[in-house]
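Engineer:
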Amino acid sequence: MTYMPGEKPYPLLSVRNLSKFYGKTMGCHEISFELGKGEVIGIVGESGSGKSTLLKCIAGRLTTTNGSIFFNSSYGFIDLCRTDEMLLRKIIRSETGFVTQNSVEGLRMTVSAGGNIGERLMAGGMRHYGQIRKIARQWLETVEIDAKRMDDLPSTFSGGMQQRLQIAANLVTDPRIILMDEPTSGLDVSVQARLIDVLRKLVARLSLSMILVTHDLAVARLLSHRLYVMKDGRIVESGLSDQILDDPREPYTQLLVSSILKP
Amino acid sequence: MMDDQMDPILNIINISKDFVFHHQEGIRIKVLDDFSMRFFPGQATVLTGPSGSGKSTLLKMIYAGYQIPEGKILIRHKKEWVDMAKALPSLVYEIRQHTIGYVSQFLRVLPRVSALDTVIEPLIARRMETGKAEQKGRQILERLRIPENLWHLSATTFSGGEQQRINLARGFVAPYPLLLLDEPTASLDPANRKTVMDLIREAVQDGSCVIGIFHNRSDQKELADRVIDMSPNMTSQPSSQALEV
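Right, dumping it as structure tokens:
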């Protein structure tokens, strides 16, 4: 999966030597990887390993210190780190989706559930009210939320429902890439199971291209084709998900895998 | 026996595999040492040998579920030879979808996913229409004696034997040119054991190459075109050829 600059076909995303420092503190360092269309990669590692920092750099939520993020956008194969602010915002808004661990951050709590979904469509230029409601209803059903709740505020939803709403609001505009930061954390196990099931079906049905940051290795195995293991801001091991989890080579990955409690 | 004129489906060349346990005093265990062998369509091969002799490891390496640090595992996929040690991940997934089937020892059960959906997943992945896939799924579940009232339940609550039959149904619901079976008859009652043996024989008759691990001597005898003894003293011979019995 090595990509030479200029080579075609372009991958969907090519991250090259990406580093992010917070002052003198390293967030992530010299990260390089690629994502193909229709591929899901998982980034695993414990808290503080730099995985969320990396994701936020790709999402344009943090400015990078060094390196490039090439993205195969509708404006061409461009380096998001060297794109002017206006175009960057446009691309981030219409061609990427970002699902956060904290749904309060990812949803507008003072806007109805249907509104949270419809907002994206309107930002994309859709104006027909009936059409917007119809699509919003379909998406609520897809993520297993009763369509009767369409006009309710997300603040009246349970944590699991909020997360599913966040996913619907992100997928409705059919973004080229979906970024997910610990989408299943902080939920009860049974609630998690439903969310994971919804995600699994969406990945299969829509052939999503996705980067999933998680510390949950079972979720990572279920949803990702490939895994990257991060430690202290660097990638220590990568490969097919089952290879990494069933045949880990690096000491840190072995520790990570062997530390899981099996019920 | 297969003659050399026929094209193999799988050609394993000089693979070695060791495991290093960094957190257990760095113990290094060599499981496969310079192993080579060819496998042909319409052939059933049984792997035998004591636990730890590398039988499961070999199957997992062929499936690329374990890394392949040394040697080549060449598989004929859509008339092209592909080295599983070097194939890009997307190609490995495609090969797993169409060319190599693998029935693990234990089913990885998912909550909220029905037994029927678990079984037909390989067909859906091949873009078969859902109704047709479900029909095939029902047939194989029936054949493996899974009561109909269980089909729409998640297999999480099933017994070990039932889970293994779901796993087998999933493995046999779609045809594969190469089928890897890790102890498929363990934990089955005699009637289901016979059904599984029939399914294996039918797959071989249809031209599949089957490689399986069986501990039961009569299973071995009944199925095998050849038996490969993976005992360490057998496979570490300088000829690098495992003994064919």
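Line by line, the protein sequences give chains A and B.
Here my numbering is used: the first residue of the first sequence is 1, the next is one more, and so on.
Here my numbering is used: the first residue of the second sequence is 264, the next is one more, and so on.
C-beta: ideal position from N, C-alpha, C; glycine also.
All values reported here derive from a predicted model rather than from experimental measurement.
Looking at Ile-145 (chain A) and Arg-164 (chain A), is the spacing between their C-beta atoms short of 7 Å?
Structural biologist: Within the first sequence, residue 164 (chain A) is the residue found at index 164, counting from 1. Within the first sequence, residue 145 (chain A) is the residue found at index 145, counting from 1. For Arg-164 (chain A) and Ile-145 (chain A), yes; Cβs fall inside 7 Å.
Engineer: Check the Cβ of Pro-385 (chain B) against every Cβ in chain A and list those closer than 7 Å, keeping chain order.
Structural biologist: Walking along the second sequence from the start, residue 385 (chain B) turns up at place 122. In chain order: nothing, as chain A lies at least about 12 Å away.
Engineer: Would you mind stating whether Ala-168 (chain A) and Val-198 (chain A) have Cβ atoms separated by less than 7 Å?
Structural biologist: Taking the first sequence and counting its residues from 1, the one referred to as residue 168 (chain A) is at position 168. Taking the first sequence and counting its residues from 1, the one referred to as residue 198 (chain A) is at position 198. In this structure, Val-198 (chain A) does not lie closer than 7 Å to Ala-168 (chain A) by Cβ.
Engineer: Give the straight-line distance between the Cα atoms of Val-345 (chain B) and Arg-133 (chain A), rounded to the nearest whole angstrom.
Structural biologist: Against the second sequence, residue 345 (chain B) aligns to sequence position 82. Against the first sequence, residue 133 (chain A) aligns to sequence position 133. Distance between the alpha carbons of Val-345 (chain B) and Arg-133 (chain A) is about 49 Å.
Engineer: Should Gly-317 (chain B) be flagged as near chain A, meaning a C-beta pair shorter than 7 Å?
Structural biologist: One-based indexing of the second sequence puts residue 317 (chain B) at position 54. By this cut-off, Gly-317 (chain B) is not an interface position.
Engineer: Using a Cβ-Cβ distance under 7 Å, would Pro-248 (chain A) count as near chain B?
Structural biologist: The residue you call residue 248 (chain A) lines up with position 248 of the first sequence. By this cut-off, Pro-248 (chain A) is not an interface position.
Engineer: Indicate whether Leu-322 (chain B) and Leu-431 (chain B) have their beta-carbon atoms separated by less than 7 Å.
Structural biologist: Translated into positions along the second sequence, residue 322 (chain B) becomes position 59. Translated into positions along the second sequence, residue 431 (chain B) becomes position 168. No, these two residues do not count as a Cβ contact at 7 Å.
Engineer: When you compare the CB positions of Gly-312 (chain B) and Met-493 (chain B), do they come within less than 7 Å of one another, or not?
Structural biologist: Within the second sequence, numbered from 1, the residue matching residue 312 (chain B) stands at position 49. Within the second sequence, numbered from 1, the residue matching residue 493 (chain B) stands at position 230. Cβ distance < 7 Å, so Gly-312 (chain B) and Met-493 (chain B) count as in contact.
Engineer: If we define contact as Cβ-Cβ less than 7 Å, is Asp-232 (chain A) a contact residue for chain B?
Structural biologist: By one-based count along the first sequence, residue 232 (chain A) stands at place 232. It does not; no Cβ of chain B falls within 7 Å.
Engineer: Would you mind telling me which residues of chain A sit closer than 7 Å to Arg-375 (chain B), beta carbon to beta carbon, in chain order?
Structural biologist: For the purposes of this step, residue 375 (chain B) is taken as the residue at position 112 of the second sequence. Within chain A, the residues near Arg-375 (chain B) are Ala-193, Arg-194, Asp-197.
Engineer: In this structure, how does DSSP classify Leu-105 (chain A) when only helix, strand and coil are distinguished?
Structural biologist: Walking along the first sequence from the start, residue 105 (chain A) turns up at place 105. In the sequence on display, residue 105 (chain A) carries Glu and not Leu. Reduced to three states, the DSSP call for Glu-105 (chain A) is helix.
Engineer: Give me the chain B residues within the contact set of Gln-243 (chain A), using Cβ-Cβ distance strictly less than 8 Å, ordered along the chain.
Structural biologist: Start at 1 with the first residue of the first sequence, and residue 243 (chain A) comes out as number 243. Those are Ala-327, Gly-328, Tyr-329, Gln-330, listed as they occur along chain B.
Engineer: CA-CA distance, Ser-450 (chain B) and Leu-373 (chain B)?
Structural biologist: Here residue 450 (chain B) refers to the residue found at position 187 when the second sequence is read from its first residue. Here residue 373 (chain B) refers to the residue found at position 110 when the second sequence is read from its first residue. Cα to Cα, the separation comes out at about 21 Å.
Engineer: So if DSSP puts His-340 (chain B) in a beta bridge, which residue, or which two residues, is it bridged to?
Structural biologist: As a working note, residue 340 (chain B) is residue 77 in the second sequence. DSSP output for His-340 (chain B) lists B:Glu-343 as bridge partner(s).
Engineer: Is Gly-159 (chain A) helix, strand or coil by DSSP?
Structural biologist: Counting from one through the first sequence, the residue named residue 159 (chain A) turns up at place 159. Helix.
Engineer: Could you check what DSSP says for Met-269 (chain B) in three-state terms: helix, strand or coil?
Structural biologist: Locating residue 269 (chain B) in the second sequence gives position 6, counting from the first residue. In the structure shown, Met-269 (chain B) sits in coil (DSSP, three-state: anything other than H, G, I, E or B).
Engineer: Skipping 5 residues on each side, what residues in its chain have a beta carbon closer than 7 Å to that of Leu-12 (chain A)?
Structural biologist: The sequence position of residue 12 (chain A) within the first sequence is 12, counting from 1. Cβ neighbours of Leu-12 (chain A) beyond the five flanking positions: Leu-35, Gly-36, Lys-37, Asn-72, Arg-176, Ile-177, Ser-209.
Engineer: Which one or two residues does DSSP pair with Leu-451 (chain B) in a beta bridge?
Structural biologist: Locating residue 451 (chain B) in the second sequence gives position 188, counting from the first residue. None, per the DSSP bridge assignment.
Engineer: Taking the beta strand (DSSP E) that Val-229 (chain A) falls in, what are its first and last residues?
Structural biologist: As a first step, residue 229 (chain A) must be located in the first sequence, where it is residue number 229. 226-231 is the span of the beta strand (DSSP E), which, as asked, contains Val-229 (chain A).
Engineer: Looking at Leu-107 (chain A) and Val-213 (chain A), is the spacing between their C-beta atoms short of 7 Å?
Structural biologist: Along the first sequence, read from residue 1 onward, the residue named residue 213 (chain A) stands at position 213. Along the first sequence, read from residue 1 onward, the residue named residue 107 (chain A) stands at position 107. Against a cut-off of 7 Å, the Cβ pair of Leu-107 (chain A) and Val-213 (chain A) comes out as no contact.
Engineer: Please classify Phe-435 (chain B): does DSSP put it in a helix, a strand, or coil?
Structural biologist: Sequence index remark: in the second sequence, residue 435 (chain B) carries index 172 (1-based). Residue state, collapsed to three classes: helix.
Engineer: Taking DSSP's pairing of strands, which residues face Tyr-365 (chain B) in a bridge?
Structural biologist: The count along the second sequence starts at 1 and reaches residue 365 (chain B) at position 102. Tyr-365 (chain B) pairs with B:Leu-443.
Engineer: Taking the straight line between their C-alpha atoms, what separation do you get for Lys-201 (chain A) and Ile-78 (chain A)?
Structural biologist: Numbered from its first residue, the first sequence carries residue 201 (chain A) at position 201. Numbered from its first residue, the first sequence carries residue 78 (chain A) at position 78. Rounded to the nearest angstrom, the two C-alpha atoms are 31 Å apart.
Engineer: With a cut-off of 7 Å, does the C-beta of His-286 (chain B) fall near any C-beta of chain A?
Structural biologist: Stepping through the second sequence from its first residue, residue 286 (chain B) is reached at position 23. With 7 Å as the cut-off, His-286 (chain B) counts as an interface residue toward chain A.
Engineer: Determine the direct distance from the alpha carbon of Asn-412 (chain B) to that of Gly-400 (chain B), and round the result to whole angstroms.
Structural biologist: Taking the first residue of the second sequence as position 1, residue 400 (chain B) is located at position 137. Taking the first residue of the second sequence as position 1, residue 412 (chain B) is located at position 149. In a straight line, the C-alpha of Gly-400 (chain B) is about 14 Å away from that of Asn-412 (chain B).
Engineer: On the CB-based measure, 16 or more other CB atoms within 10 Å of its CB, does Tyr-129 (chain A) come out buried or exposed?
Structural biologist: For the purposes of this step, residue 129 (chain A) is taken as the residue at position 129 of the first sequence. Looking at its Cβ environment, which holds fewer than 16 other Cβ atoms inside 10 Å, Tyr-129 (chain A) is exposed.
Engineer: Could you check the C-alpha separation between Gly-115 (chain A) and Leu-354 (chain B) for me, to the nearest Å?
Structural biologist: Residue 115 (chain A) sits at position 115 when you count from the first residue of the first sequence. Residue 354 (chain B) sits at position 91 when you count from the first residue of the second sequence. The straight-line gap from Cα to Cα measures roughly 41 Å.
Engineer: Identify which residue in A:Gly-76, A:Ala-218, A:Ala-147, A:Arg-82 has its Cα closest to the Cα of Ser-112 (chain A).
Structural biologist: In the first sequence, counting from the first residue as 1, residue 112 (chain A) sits at position 112. That would be A:Ala-147, whose Cα lies nearest to the Cα of Ser-112 (chain A).
Engineer: Confirm, please, whether the CB-CB distance from Arg-433 (chain B) to Leu-407 (chain B) is below 7 Å.
Structural biologist: Against the second sequence, residue 407 (chain B) aligns to sequence position 144. Against the second sequence, residue 433 (chain B) aligns to sequence position 170. Cβ atoms of Leu-407 (chain B) and Arg-433 (chain B): not closer than 7 Å.
Engineer: If you draw a straight line from the C-alpha of Pro-352 (chain B) to the C-alpha of Tyr-252 (chain A), how long is it?
Structural biologist: If you number the second sequence from 1, residue 352 (chain B) lands on position 89. If you number the first sequence from 1, residue 252 (chain A) lands on position 252. One C-alpha to the other measures close to 23 Å.
Engineer: Please report the residue range of the beta strand (DSSP E) in which Tyr-22 (chain A) lies.
Structural biologist: Residue 22 (chain A) sits at position 22 when you count from the first residue of the first sequence. Its beta strand (DSSP E) spans residues 13-22.
Engineer: Work out the CA separation of Leu-195 (chain A) and Ser-279 (chain B) for me, nearest whole Å.
Structural biologist: For the purposes of this step, residue 279 (chain B) is identified with residue 16 of the second sequence, where counting begins at 1. For the purposes of this step, residue 195 (chain A) is identified with residue 195 of the first sequence, where counting begins at 1. Going by the C-alpha atoms only, they are around 41 Å apart.
Engineer: Going by beta carbon distance, what residues of the same chain come within less than 8 Å of Met-150 (chain A), once the five residues before and after it are set aside?
Structural biologist: Your numbering for residue 150 (chain A) matches position 150 in the first sequence. Taken in chain order, the residues that qualify are Ser-112, Ala-113, Gly-114, Arg-133, Ala-136, Arg-137, Leu-140.
Engineer: On the CB-based measure, 16 or more other CB atoms within 10 Å of its CB, does Val-189 (chain A) come out buried or exposed?
Structural biologist: Translated into positions along the first sequence, residue 189 (chain A) becomes position 189. It is exposed - the Cβ of Val-189 (chain A) has fewer than 16 other Cβ atoms within 10 Å.
Engineer: Mind the definition here: the stretch 58-66 of chain A touches the stretch 221-236 of chain A only if three or more C-beta pairs lie below 8 Å; say whether that holds.
Structural biologist: The stretch 58-66 of chain A is not in contact with the stretch 221-236 of chain A.
Engineer: Work out the CA separation of Ser-377 (chain B) and Pro-447 (chain B) for me, nearest whole Å.
Structural biologist: If you number the second sequence from 1, residue 447 (chain B) lands on position 184. If you number the second sequence from 1, residue 377 (chain B) lands on position 114. Straight-line Cα distance between these residues: approximately 21 Å.
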